[in-house]
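**Student:** I'd like to ask you about the structure that follows.
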Amino acid sequence: MTEPPIGEQSANASAKRVRERLAELATIGGEGGGGVTRLAYTEAEREAHRRFADWATLEGARCHVDPAGNTVAIFRDGAPYFLIGSHLDTVMHGGRYDGAAGVVAALEAASALSETRHGVRVVAFAAEEGARFGRPTIGSSLAAGVLNDLGLGALRDADGVTPAAAAAEVGLSPTETQPWLDSDVACFFELHIEQGRQLESGAARIGLVDAIAGSVRLQFELTGRADHSGATPMRMRADALAAASELVLAVEEIARRHRSTVATVGRVQVRPNSVTTIPGHVMLWVDLRDVDPDLQRRAARQVLETAMDITEARGLHMGSRVLSEQPPIVLPAWPRAILYDDCRARNLTYRVLSSGAGHDAAVVARRAPAAMLFIPCVDGVSHSPREQASPEDIALGAEVLCSALRRTDAIIASQ
Ligand code: HGY
Ligand code: MN
Ligand code: MN
106 MTEPPIGEQS ANASAKRVRE RLAELATIGG EGGGGVTRLA YTEAEREAHR
156 RFADWATLEG ARCHVDPAGN TVAIFRDGAP YFLIGSHLDT VMHGGRYDGA
206 AGVVAALEAA SALSETRHGV RVVAFAAEEG ARFGRPTIGS SLAAGVLNDL
256 GLGALRDADG VTPAAAAAEV GLSPTETQPW LDSDVACFFE LHIEQGRQLE
306 SGAARIGLVD AIAGSVRLQF ELTGRADHSG ATPMRMRADA LAAASELVLA
356 VEEIARRHRS TVATVGRVQV RPNSVTTIPG HVMLWVDLRD VDPDLQRRAA
406 RQVLETAMDI TEARGLHMGS RVLSEQPPIV LPAWPRAILY DDCRARNLTY
456 RVLSSGAGHD AAVVARRAPA AMLFIPCVDG VSHSPREQAS PEDIALGAEV
506 LCSALRRTDA IIASQ
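Using our numbering, the first residue of the sequence shown is number 106, and each one after it goes up by one.
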């Protein structure tokens with residue numbers, strides 16, 4: 106068999122390593138049916154971080170873990186430095202590419218990057234998904250100094266466990282994190298699966314992200330009156346689940362008012378949750394997002410007001426909390442322009458698009474220049490065992506990352 110040209114050899118080797126490493130990560134928290142559950146501040150997340158650190162060490166990097174659980178691999182000393190990476194936690198029954206693809210690609214890029222004037226570090230952020238505690242990007246927010254002890258202490262998981270208690274279980278102490286995302290970071294690049302259908306529809310091979318949606322997470326507690334489902338006339342009921350159902354449909358209707366707004370009620374707790382008892386108590390959580398800050402804030406306010414109207418009309422008591430509010434962010438143009446130049450130089454089709462999903466890059470961008478690179482995922486599916494992406498696309502994305510870092514290094518050095 107004739108050997109492929111060197112360039113192709115390295116691309117094939119890279120795709121092979123990407124495939125192998127993603128398959129290995131998928132065994133950590135892996136479930137039947139191909140899903141993965143590696144929730145924030147669990148042993149599975151830490152095991153994935155250790156595997157990442159082992160790979161980075163083998164490539165010559167020095168690794169350390171900060172008190173928030175962010176693992177940083179220093180490939181090249183010096184500051185300012187380039188930071189590349191993503192996250193390794195997942196949602197419940199999630200996919201094997203969300204986050205992991207970006208960390209594995211960053212390892213490929215850092216390992217291929219030769220002499221640069223800047224330092225080079227790869228990061229696996231901890232607790233990026235909001236799935237467990239309701240608030241996303243806990244690790245990067247602590248590293249950026251935008252989440253304080255009060256904010257962290259107000260969070261609970263479904264069992265009432267706080268992030269600090271969960272982190273202590275796996276040897277971490279997030280409240281002791283000294284923020285380190287600062288002007289020492291020359292630029293942050295994150296590769297991620299698109300988690301949407303634009304690239305997959307054949308529009309382009311590479312997505313260049315211009316804006317990342319913000320999110321508001323709301324918690325509602327509706328209290329009615331548990332009662333006999335057979336003996337209680339309809340006019341005498343205070344049915345918390347009927348009220349909650351009205352609220353769920355109202356959330357959907359409010360989100361439909363503007364094309365860029367999305368809102369979801371993905372989690373509901375009903376008590377006593379018994380067939381022959383009128384539900385007396387319901388907790389529900391709303392995830393509301395937009396790339397427009399005013400629309401996001403207005404929609405959140407409308408949801409809160411509508412919840413009050415519904416519960417008042419039904420004679421129920423309502424409690425509500427804003428668990429987290431993260432503004433949408435527009436990423437700086439110059440790192441994106443460097444990625445764009447590289448796509449042009451490679452004759453790669455690209456598309457500038459916004460991200461409906463939240464990412465660590467949105468947090469890092471509050472402290473340093475940041476850029477995001479999307480690769481396609483099959484049918485745009487994510488947060489599901491059906492999540493699929495190609496190692497070849499990830500390896501190609503890693504090559505673009507690597508040459509973008511080289512270009513950035515040369516441009517900054519020439520200024
Ligand atoms: O949920 C999200 O926006 C992302 O996947 N963290
Ligand atoms: Mn996710
Ligand atoms: Mn993600």
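Beta carbons: idealized from backbone N, C-alpha and C, even for Gly.
Please read all numbers here as calculations on a predicted model, not as lab measurements.
Looking at E234 and ligand 2, is the gap between the Cβ and the nearest heavy atom below 6 Å?
**Tutor:** At least one heavy atom of ligand 2 is nearer than 6 Å to the Cβ of E234, so yes.
**Student:** Assuming Y202 contacts L313 (C-beta within less than 8 Å), just tell me the rounded distance between them.
**Tutor:** The Cβ separation is near 19 Å, so there is no contact.
**Student:** Going by beta carbon distance, what residues of the same chain come within less than 7 Å of A236, once the five residues before and after it are set aside?
**Tutor:** So the list reads L144, V196 and M197, once near-sequence residues are dropped.
**Student:** Taking the runs of the alpha helix (DSSP H) that are 4 residues or longer, which of them lie wholly in the segment 393-424?
**Tutor:** The qualifying runs are 398-419.
**Student:** In chain order, what are the residue ranges of uninterrupted beta strand (DSSP E) at least 3 long that sit wholly in the segment 238-307?
**Tutor:** Complete beta strand (DSSP E) runs here, min 3: 290-298.
**Student:** Just to confirm, is the Cβ distance from I133 to E152 under 7 Å?
**Tutor:** Yes, the pair counts as a contact, with Cβ atoms nearer than the cut-off.
**Student:** For R376, I'd like the list of residues in its chain whose CB is within less than 6 Å of its CB, leaving aside the five on either flank, ordered along the chain.
**Tutor:** Excluding positions up to five away in sequence, the list reads H386.
**Student:** If you follow the alpha helix (DSSP H) that Y445 is part of, which residue opens it and which one closes it?
**Tutor:** Where Y445 is concerned, the enclosing alpha helix (DSSP H) stretches over A438 to A450.
**Student:** Just tell me which of T267, L409, A442 and V209 has its CA closest to the CA of A355.
**Tutor:** Minimum Cα distance to A355 is reached at L409.
**Student:** Measuring CB to CB, does A348 end up less than 7 Å from L393?
**Tutor:** No. Outside cutoff.
**Student:** By Cβ distance, which residues of its chain are closer than 6 Å to A120, with the 5 residues on each side in sequence left out?
**Tutor:** Contacts found: P496, E497 and A500.
**Student:** So which of S459, L277 and L188 has the shortest CA-CA distance to D171?
**Tutor:** For D171, the nearest C-alpha among the options comes from L277.
**Student:** Spatial neighbours of G135 within its chain, please: CB distance less than 6 Å, with the 5 preceding and 5 following residues excluded, ordered by chain position.
**Tutor:** Cβ within range, chain order: V141.
**Student:** Short check: CB of F294 to CB of A229, under 7 Å?
**Tutor:** Going by C-beta atoms, F294 is not nearer than 7 Å to A229.
**Student:** In three-state terms, what does DSSP make of A355?
**Tutor:** Note: A355 maps to helix in three-state DSSP.
**Student:** When the Cα atoms are used, what is the spatial distance from V251 to I243?
**Tutor:** Using only the alpha carbons, I get a separation of about 9 Å.
**Student:** Whose C-alpha, out of G461, R406, Q283 and C482, is nearest the C-alpha of R364?
**Tutor:** Closest by alpha carbon: G461.
**Student:** Out of A503, I516 and V486, which one is the CA nearest neighbour of R302?
**Tutor:** Of the listed residues, the one whose Cα sits closest to R302 is V486.
**Student:** When you compare only the Cα positions, how much space is there between D315 and F325?
**Tutor:** Using only the alpha carbons, I get a separation of about 33 Å.
**Student:** Is the closest heavy atom of ligand 2 to the C-beta of D332 under 6 Å?
**Tutor:** Not so, every heavy atom of ligand 2 lies at least 6 Å from the Cβ.
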